[in-house]
DNA sequence: CTTTCATATGAACAAGTGTTCATATGTTTA
DNA sequence: TAAACATATGAACACTTGTTCATATGAAAG
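Chains as they are written, first to last, in this note's numbering: chain R, 243 to 359; chain D, 243 to 359.
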């Protein structure tokens, strides 16, 4: 292991460690942030979000579009909803889902830019 | 399951499904995008990235900062590096890691905005 | 009320992930 | 060359996650 002084002139250590410690958001916030990105970290959910970029859609249509069971989509929409990435609107038996806000689009576009460069 | 026509006046279906189908990026791209977000979806990695916001750091310092083994950090840095989120610079025995580009900061800040609202 | 249909939920299982331990690689100094 | 040290890597393990199947809930139509 590193013994407090593992380098020569370029040494940062102690100082940096303490400086960074003070600038780190608290653990709970960082945990929540990771949880948010975890939601984006599944291709089914990404596809659902991309689909909702175009228009609100009901569960069965998304299922048909992505060739997955209605149950799978419903489970995933639940995840997206509790992360406040989508919202639901009921119309009779049907429930229409749509993007909760524009953050979703921004985050995804930023990610897309990264992988396309 | 949904039988092609599950609603009344508000019906979208077929039309929307086909329209959205054409606008969806291809499967591989969507998969890669999900893989990218998966990398952000772990609080250890988020903490590492946040630490690197302040300054480049070597492996053992990050390990000390986050109270994790050097091995754990090294494994995670490998993940971050293959996603091109961080880059490495060797100086003697020590390897300093830093953010690969400004996308990282943008994506994380966007995520942070979402959870803080 | 009963049936039908869209959606939600719970259990179960396979597949994936993050950490630790042990050890290898590579660099510097004695 | 040998010892010391920072980092990397592989195997193993517990833990998490996404899907399916079966079934429950809730709304509209007969």
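A virtual CB, placed ideally from N, CA and C, is assigned to each residue, including glycine.
Quick one: grab the DSSP three-state call for residue 336 of chain R.
-> For this step, residue 336 of chain R is matched to residue 94 along the first chain. Here residue 336 of chain R sits in strand by DSSP.
From residue 289 of chain D to residue 353 of chain D, what does the alpha carbon distance come to, in whole angstroms?
-> Start at 1 with the first residue of the second chain, and residue 289 of chain D comes out as number 47. Start at 1 with the first residue of the second chain, and residue 353 of chain D comes out as number 111. Rounded to whole angstroms, residue 289 of chain D to residue 353 of chain D spans 14 Å at the Cα level.
Report the partner residues of residue 276 of chain D according to the DSSP bridge assignment.
-> Within the second chain, numbered from 1, the residue matching residue 276 of chain D stands at position 34. Paired residue(s): none; residue 276 of chain D is not in a bridge.
Is the segment 274-283 of chain D close to the segment 267-283 of chain R, with three or more CB pairs under 8 Å?
-> yes
By the criterion of Cβ-Cβ separation under 8 Å, what are the contact partners of residue 349 of chain R in chain D?
-> Counted from its first residue, the first chain places residue 349 of chain R at position 107. Those are 349, 352, 353 and 356, listed as they occur along chain D.
Contact list for residue 259 of chain R against chain D, beta-carbon separation under 7 Å | The sequence position of residue 259 of chain R within the first chain is 17, counting from 1. The contacting residues are 303, 306 and 307.
Measure from the C-beta of residue 266 of chain R to each C-beta in chain D and report whether the shortest distance is under 8 Å.
-> One-based indexing of the first chain puts residue 266 of chain R at position 24. By this cut-off, residue 266 of chain R is an interface position.
In the DSSP assignment, find the unbroken alpha helix (DSSP H) run with residue 303 of chain D in it and report its ends.
-> On the second chain, residue 303 of chain D is found 61 positions in, with the first residue counted as 1. Run containing residue 303 of chain D: 301-308, per the alpha helix (DSSP H) assignment.
Flag residue 276 of chain R as yes if its beta-carbon sits less than 8 Å from any beta-carbon of chain D, otherwise no.
-> Against the first chain, residue 276 of chain R aligns to sequence position 34. Chain D, which has a Cβ nearer than 8 Å to the Cβ of residue 276 of chain R, makes this yes.
Note down, in chain order, every chain D residue with its Cβ under 9 Å from the Cβ of residue 297 of chain R.
-> What you label residue 297 of chain R is simply residue 55 of the first chain in a count that begins at 1. 254, 258, 261 and 262, listed in chain order.
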